[in-house]
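In my numbering, the protein residues as written are 2 to 438.
A virtual CB, placed ideally from N, CA and C, is assigned to each residue, including glycine.
The structure displayed is predicted, hence computed values, not measured ones.
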């Protein structure tokens, strides 16, 4: 499947395009700003664009009002279709954010319940108790998502709700030609619902991908041949930054070995979890790492480890952003134009090396050398063997290990490497060595 060899570029459109924080109902084609990003995205080496919520919502996109209408702050359905065509014409696939667990209080069916109470034909679309109340004083109680009363939980055991969502998805494929969905809070979705969704989307388009948001636990709960194709790898996201900050590369090495290693108890061997250094919900990598020289090294591990790597808009040239106690606005800034610098160039080279390497895309995983500040791991297929080597220390390090051969070529630079007498890793360096057979 194409997703296994993809590199994803994630955009939060309401942020990047500078939409007002609250939905003012004024239609403005802000999403067309993304047309200026298509060539940049392609140049980074990404081949798939993931757009966070684009449909009509109360505020931040995860509080949907209407699954069938693009948020007027971003423009019209025609504007989104134009952006998707431009991406497809450039050879980029497009995934949208599917927010199916809950809706906003402005969702049309919930407003009908507010107006008609028990006489509304949509009362069973939600989990409602007309004998209670909430802090919003609607005159009834309703279940919400994790205590956030602005997010009204849907009754996904109601066939009418499921059918409404599935027909909306069908419309997204027909209007925008999308290639997959990110499922918001997939860990909250009933497993039976996930199975229905997978069976339905399998009929829409060949290799249509379902990517589930999962924060922890056993990812196999939500991923499999009848559920999501992939889920978000939050376990290794944490290790990507804390291993460098704590001078403890054992953390990321052991996490990867636990997920993908050669042992029979490995959790996700053969799976392609979505790997990321940051996204719209977490502090940016450049703000998280205490040593700026570790940023390119973290991306070297990201692009070299098993899984499908994702870049978050702006982080490829190193912008900062802290997650706030009450707001994610700093993580989702408005940006006029993409930028390019040495970090962007480095990431593009890493993405190209991965794209051209069967071992980096689909190979097995094995730790070869692991210290607090150095890691070397092997990615291997039947026809190719690649060593990913990182030195996070400010001093050079001579790595002594059995390379299994004398010569290699760096997939990033194309330079030859001789393993005779040990391999010296300069300070703050990373390599993808393709080993001579």
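Element boundaries [beta strand (DSSP E), containing residue 425]: Run containing residue 425: 424–426, per the beta strand (DSSP E) assignment.
Taking C-alpha atoms, which residue in 17, 246, 284 and 371 lies nearest to residue 328? Nearest of 17, 246, 284 and 371 to residue 328, Cα basis: 284.
Alpha carbon of residue 159 to alpha carbon of residue 348, nearest angstrom: When rounded, the distance between both Cα atoms is 45 Å.
Taking a contact to mean a Cβ-Cβ separation below 9 Å, would you say residue 380 touches residue 387 in this structure? Yes, the pair counts as a contact, with Cβ atoms nearer than the cut-off.
Assuming the contact rule is C-beta atoms closer than 8 Å, residue 248 and residue 373 should be a hit. Round their C-beta distance to whole Å, please. Confirmed, about 5 Å.
Is residue 149 helix, strand or coil when you go by DSSP? If DSSP states are grouped into helix, strand and coil, residue 149 belongs with the strands.
Comparing alpha-carbon positions, which option in 341, 303 and 125 lies nearest residue 278? Closest by alpha carbon: 303.
DSSP three-state assignment for residue 235, whether helix, strand or coil: For residue 235, the secondary structure class from DSSP, reduced to helix, strand or coil, is helix.
Uninterrupted alpha helix (DSSP H) stretches inside the region 77–163 (no shorter than 4 residues): Qualifying alpha helix (DSSP H) stretches, in chain order: 78–90 and 109–117.
Residue 338 (DSSP reduced to helix, strand or coil): Taken through DSSP and simplified to helix, strand or coil, residue 338 comes out as coil.
Sorted by chain position, which residues of the same chain lie with C-beta nearer than 8 Å to residue 151's C-beta, five sequence neighbours on each side aside? Answer for residue 151: 59, 60, 64, 105, 106 and 145, listed in chain order.
Residue ranges of each alpha helix (DSSP H) within the region 179–253, 4 or longer: Segments of the alpha helix (DSSP H) lying fully in the region 179–253: 192–202 and 235–246.
Best match in 180, 201 and 243 for proximity to residue 49 [C-alpha to C-alpha]: Nearest C-alpha to residue 49: 180.
Out of 222, 201, 46 and 402, which one is the CA nearest neighbour of residue 91? Looking at the Cα atoms, 46 is the closest of the given residues.
Stretch pair the region 358–368 + the region 245–261: three plus CB contacts closer than 8 Å: Touching, per the Cβ criterion.
Return the chain-ordered ranges of every alpha helix (DSSP H) run that is complete within the region 12–70 and spans a minimum of 4 residues. The qualifying runs are 14–17 and 39–44.
Please list the terminal residues of the continuous alpha helix (DSSP H) segment that includes residue 356. Residue range 343–356 is occupied by the alpha helix (DSSP H) that includes residue 356.
DSSP three-state label for residue 404, please. In the three-state scheme derived from DSSP, where H, G and I count as helix and E and B as strand, residue 404 is classed as coil.
With distances taken from CA atoms, which of 57, 341, 210 and 231 is nearest residue 219? Among 57, 341, 210 and 231, the Cα nearest to that of residue 219 belongs to 231.
In the DSSP assignment, find the unbroken beta strand (DSSP E) run with residue 365 in it and report its ends. Residue 365 -> beta strand (DSSP E) spans 365–371.
On the DSSP bridge list, what partners appear for residue 386? In DSSP, residue 386 forms a bridge with 381.
By Cβ distance, which residues of its chain are closer than 6 Å to residue 311, with the 5 residues on each side in sequence left out? Same-chain partners within the cutoff: 9, 11, 275 and 277.
Where the alpha helix (DSSP H) containing residue 289 begins and where it ends: Counting along the chain, the alpha helix (DSSP H) containing residue 289 begins and ends at 286–289.
DSSP on residue 313, reduced to helix/strand/coil? Look at residue 313 here: in three-state DSSP terms it is strand.
Using only the alpha-carbon positions, how far apart do residue 383 and residue 2 sit? Approximately 19 Å, taken between the alpha carbons.
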